[in-house]
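Engineer:
2 protein chains.
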Amino acid sequence: MSDLLKKHIERFIEINEEDFSTIIRYFRKIEVKKKENLLIEGKICHDNYFVVKGCLRMFFINDKGVEQTIQFAIENWWLAEYVSFETHQPSQFYIQAVEKSEILAISYQAQEEMLLQFPRMERYFRLIHQRAHAASQSRIKSLYGFSREEMYYHFCRRYPEFVQRVPQYLLASFLGFTPEYLSEIRSKRIP
Amino acid sequence: MSDLLKKHIERFIEINEEDFSTIIRYFRKIEVKKKENLLIEGKICHDNYFVVKGCLRMFFINDKGVEQTIQFAIENWWLAEYVSFETHQPSQFYIQAVEKSEILAISYQAQEEMLLQFPRMERYFRLIHQRAHAASQSRIKSLYGFSREEMYYHFCRRYPEFVQRVPQYLLASFLGFTPEYLSEIRSKRIP
């Protein structure tokens, strides 16, 4: 289960077996069932989650009582509600398993201790957050600049693995439209 | 000019005078006039910008030929088009001075060399990007979840200094509505 994290870290920094065996002790292995919540709105997000297997999503419940998905995370992706994680204020979001998933969780406290013991890991997390920050800039552009139909095609091109994998009603929620509208767009593509 | 950066770094990590005097040599001081571009769409974003004085904005030109502002940066804020900065691919965005501004710029190459010489600075940049990532999550929520009027009030509460400072047509562009609509909302608040 921890091999995937080691390989992911090695994409960014060098890490030997001995150091990794200490680093991994800061993590807890969690198995979650489909639709199980790892975080609910109003609670503090104590953990940073690395997806080993499966898929998580982050969502909030809007004024109309509808779940609005804002982010997915599949294998090799990190997910947390970072405002809550850093400030220890109540979370604005839910984090839920889309599928049965295997997760490595590290608490804020454990992460800080691990970074104190292995300052080289700061570089790993710096690059993870820099990429996430970069992805957010593109994401915000697409939320302003694309029509809903364009957003769907953009998403299909960029993340084809999601479109195959994520239930259609969740994909519709993420793209900000109804499942019916999604079906309509998809049917247009059939030759 | 560099004092502000030193103080900003000290909010996150300890740094002595001697180390900072070496770190600051990796930066270039830039003065930009109002409406001067630091980056244009299609060019590579070579630099990461720290605002010492003034205000920058990042925008793209949408299908209708309209400038759509997605981000502002005032004193103590970092700004770059991080996809282009990291991958050296052409930028999707423009970065322009809203006011006459004083900037500290560090190139990708210089930043990498500086981080090699001062690995402790990885923590500083990790925390900067973690916060920016956190702010993006809230931002994406507001883009999905708020009406345009709510977005305006949310923004006024969270960033009152901007609302005083940024020209109204740019604020309207950032919030995704016309200057006329912004005037209409503002006039409602007059008792």
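So the sequences go chain by chain: U and Z. Following my numbering, the numbering of the first sequence begins with 1 at its first residue and continues without gaps. Following my numbering, the numbering of the second sequence begins with 192 at its first residue and continues without gaps. Ideal placement from N, C-alpha and C gives every residue a C-beta, glycine not left out. These numbers come from a predicted model, not from an experiment.
Looking at chain U, is there any beta carbon in it that lies within less than 8 angstroms of the beta carbon of residue 237 of chain Z?
Structural biologist: Against the second sequence, residue 237 of chain Z aligns to sequence position 46. So no, residue 237 of chain Z is outside the interface.
Engineer: Restricting to Cα atoms, I'd like to know which of Z:321, Z:315 and Z:237 is closest to residue 281 of chain Z.
Structural biologist: The residue you call residue 281 of chain Z lines up with position 90 of the second sequence. Among Z:321, Z:315 and Z:237, the Cα nearest to that of residue 281 of chain Z belongs to Z:237.
Engineer: Using a C-beta cutoff of 8 angstroms, does residue 141 of chain U count as contacting chain Z?
Structural biologist: For the purposes of this step, residue 141 of chain U is identified with residue 141 of the first sequence, where counting begins at 1. At least one chain Z Cβ lies under 8 angstroms of residue 141 of chain U.
Engineer: Compute the Euclidean distance between the alpha carbons of residue 2 of chain U and residue 109 of chain U, then round it to the nearest angstrom.
Structural biologist: Residue numbering aside, residue 2 of chain U sits at position 2 when the first sequence is read from its first letter. Residue numbering aside, residue 109 of chain U sits at position 109 when the first sequence is read from its first letter. Each residue's Cα considered, the two are about 20 angstroms apart.
Engineer: Can you tell which of U:96, U:176, U:71 and U:56 has the C-alpha that lies nearest to the C-alpha of residue 40 of chain U?
Structural biologist: Counted from its first residue, the first sequence places residue 40 of chain U at position 40. The shortest C-alpha separation from residue 40 of chain U is found at U:96.
Engineer: Using the rule of at least 16 other Cβ atoms within 10 Å of the residue's Cβ for burial, across every protein chain shown, is residue 48 of chain U buried or exposed?
Structural biologist: Stepping through the first sequence from its first residue, residue 48 of chain U is reached at position 48. It counts as buried.
Engineer: Do residue 140 of chain U and residue 334 of chain Z count as a contact pair if the criterion is CB distance below 8 angstroms?
Structural biologist: As a first step, residue 334 of chain Z is located in the second sequence; it is residue number 143 there, counting from the start. As a first step, residue 140 of chain U is located in the first sequence; it is residue number 140 there, counting from the start. In this structure, residue 140 of chain U lies closer than 8 angstroms to residue 334 of chain Z by Cβ.
Engineer: Would you say residue 345 of chain Z faces chain U, with C-beta separation under 8 angstroms as the test?
Structural biologist: Residue numbering aside, residue 345 of chain Z sits at position 154 when the second sequence is read from its first letter. So, not an interface residue.
Engineer: Pair every Cβ in the segment 311 to 321 of chain Z with every Cβ in the segment 117 to 133 of chain U, then say whether three or more of these pairs are closer than 8 angstroms.
Structural biologist: yes
Engineer: Please compile the residues from chain U whose C-beta is within a distance smaller than 9 angstroms of the C-beta of residue 274 of chain Z.
Structural biologist: Within the second sequence, numbered from 1, the residue matching residue 274 of chain Z stands at position 83. Result: 131, 134, 135, 137 and 138.
Engineer: List the residues of chain U whose Cβ lies closer than 7 angstroms to the Cβ of residue 370 of chain Z, in chain order.
Structural biologist: Locating residue 370 of chain Z in the second sequence gives position 179, where the first residue counts as 1. Neighbours of residue 370 of chain Z on chain U: none; closest Cβ ~16 angstroms, over 7 angstroms.
Engineer: Cα separation between residue 195 of chain U and residue 12 of chain U?
Structural biologist: Any question about residue 195 of chain U goes unanswered here, given that chain U covers just 1 to 191.
Engineer: Quick check on residue 271 of chain Z: does DSSP put it in helix, strand or coil?
Structural biologist: Along the second sequence, one-based indexing puts residue 271 of chain Z at 80. In the three-state reduction of the DSSP assignment, residue 271 of chain Z falls in the coil class, being assigned neither a helical nor a strand state.
Engineer: If you drop the 5 nearest sequence neighbours on each side, which residues of the same chain put their C-beta closer than 8 angstroms to that of residue 19 of chain U?
Structural biologist: As a working note, residue 19 of chain U is residue 19 in the first sequence. Cβ within range, chain order: 118.
Engineer: Is the beta carbon of residue 293 of chain Z closer than 8 angstroms to that of residue 222 of chain Z?
Structural biologist: Your numbering for residue 222 of chain Z matches position 31 in the second sequence. Your numbering for residue 293 of chain Z matches position 102 in the second sequence. Against a cut-off of 8 angstroms, the Cβ pair of residue 293 of chain Z and residue 222 of chain Z comes out as a contact.
Engineer: Residue 11 of chain U lies in the beta strand (DSSP E); which residues open and close that run?
Structural biologist: Your numbering for residue 11 of chain U matches position 11 in the first sequence. That residue, residue 11 of chain U, is in no beta strand (DSSP E); it is neither H nor E in DSSP.
Engineer: Is the CB-CB distance between residue 297 of chain Z and residue 218 of chain Z below 8 angstroms?
Structural biologist: Along the second sequence, one-based indexing puts residue 297 of chain Z at 106. Along the second sequence, one-based indexing puts residue 218 of chain Z at 27. Against a cut-off of 8 angstroms, the Cβ pair of residue 218 of chain Z and residue 297 of chain Z comes out as a contact.
Engineer: Given a limit of 8 angstroms on CB to CB distance, which residues of the segment 23 to 54 of chain U reach chain Z?
Structural biologist: none
Engineer: Within 10 Å of its beta-carbon, does residue 116 of chain U have 16 or more other beta-carbons around it, so buried, or fewer, so exposed?
Structural biologist: As a working note, residue 116 of chain U is residue 116 in the first sequence. Exposed.
Engineer: Measure the Cβ-Cβ separation of residue 361 of chain Z and residue 339 of chain Z and say whether it is below 8 angstroms.
Structural biologist: Position 170 of the second sequence, counting from 1, holds the residue named residue 361 of chain Z. Position 148 of the second sequence, counting from 1, holds the residue named residue 339 of chain Z. In this structure, residue 361 of chain Z lies away from residue 339 of chain Z, with their beta-carbon atoms at least 8 angstroms apart.
Engineer: Can you grab the Cα-Cα spacing for the pair residue 279 of chain Z / residue 379 of chain Z, in whole Å?
Structural biologist: Counting from one through the second sequence, the residue named residue 279 of chain Z turns up at place 88. Counting from one through the second sequence, the residue named residue 379 of chain Z turns up at place 188. Cα to Cα, the separation comes out at about 46 angstroms.
Engineer: For residue 338 of chain Z, which three-state DSSP category applies?
Structural biologist: As a first step, residue 338 of chain Z is located in the second sequence; it is residue number 147 there, counting from the start. Residue 338 of chain Z: coil per DSSP, three-state reduction.
Engineer: To be precise: take each residue of the segment 286 to 316 of chain Z, compare its Cβ to all Cβ atoms of chain U, and keep it if any distance is under 8 angstroms. Which residues remain?
Structural biologist: 306, 310, 311, 313, 314 and 316
Engineer: Measuring straight from C-alpha to C-alpha, what distance separates residue 70 of chain U and residue 274 of chain Z?
Structural biologist: Here the question's residue 70 of chain U lines up with position 70 in the first sequence. Here the question's residue 274 of chain Z lines up with position 83 in the second sequence. Between residue 70 of chain U and residue 274 of chain Z, the C-alpha separation is close to 20 angstroms.
Engineer: List the endpoints of the continuous beta strand (DSSP E) containing residue 69 of chain U.
Structural biologist: To locate residue 69 of chain U, count along the first sequence from 1; it is residue 69. Looking at the DSSP string, the run of the beta strand (DSSP E) that includes residue 69 of chain U is 67 to 73.
Engineer: Under three-state DSSP, which class holds residue 18 of chain U?
Structural biologist: Against the first sequence, residue 18 of chain U aligns to sequence position 18. Of the three classes helix, strand and coil, the one that applies to residue 18 of chain U here is helix, per DSSP.
Engineer: Mapping DSSP to helix, strand and coil, what is residue 57 of chain U?
Structural biologist: Counting from 1 along the first sequence, the entry for residue 57 of chain U is found at position 57. Reduced to three states, the DSSP call for residue 57 of chain U is strand.
Engineer: What separation, rounded to the nearest whole angstrom, lies between the Cα atoms of residue 233 of chain Z and residue 137 of chain U?
Structural biologist: Reading the second sequence from its first residue, position 42 is the one you call residue 233 of chain Z. Reading the first sequence from its first residue, position 137 is the one you call residue 137 of chain U. If I take the Cα positions, the gap works out to 16 angstroms.
Engineer: Between which residues of its own chain and residue 75 of chain U is the CB-CB distance below 6 angstroms, once the five residues before and five after are set aside?
Structural biologist: Here residue 75 of chain U refers to the residue found at position 75 of the first sequence. Counting only Cβ-Cβ distances below 6 angstroms, and skipping sequence neighbours, we find 51.
Engineer: Taking CB distances under 8 angstroms as the criterion, tell me whether residue 256 of chain Z reaches chain U.
Structural biologist: As a position in the second sequence, residue 256 of chain Z is number 65, starting the count at 1. Taking Cβ atoms only, chain U never reaches closer than 8 angstroms to residue 256 of chain Z, which makes this a no.
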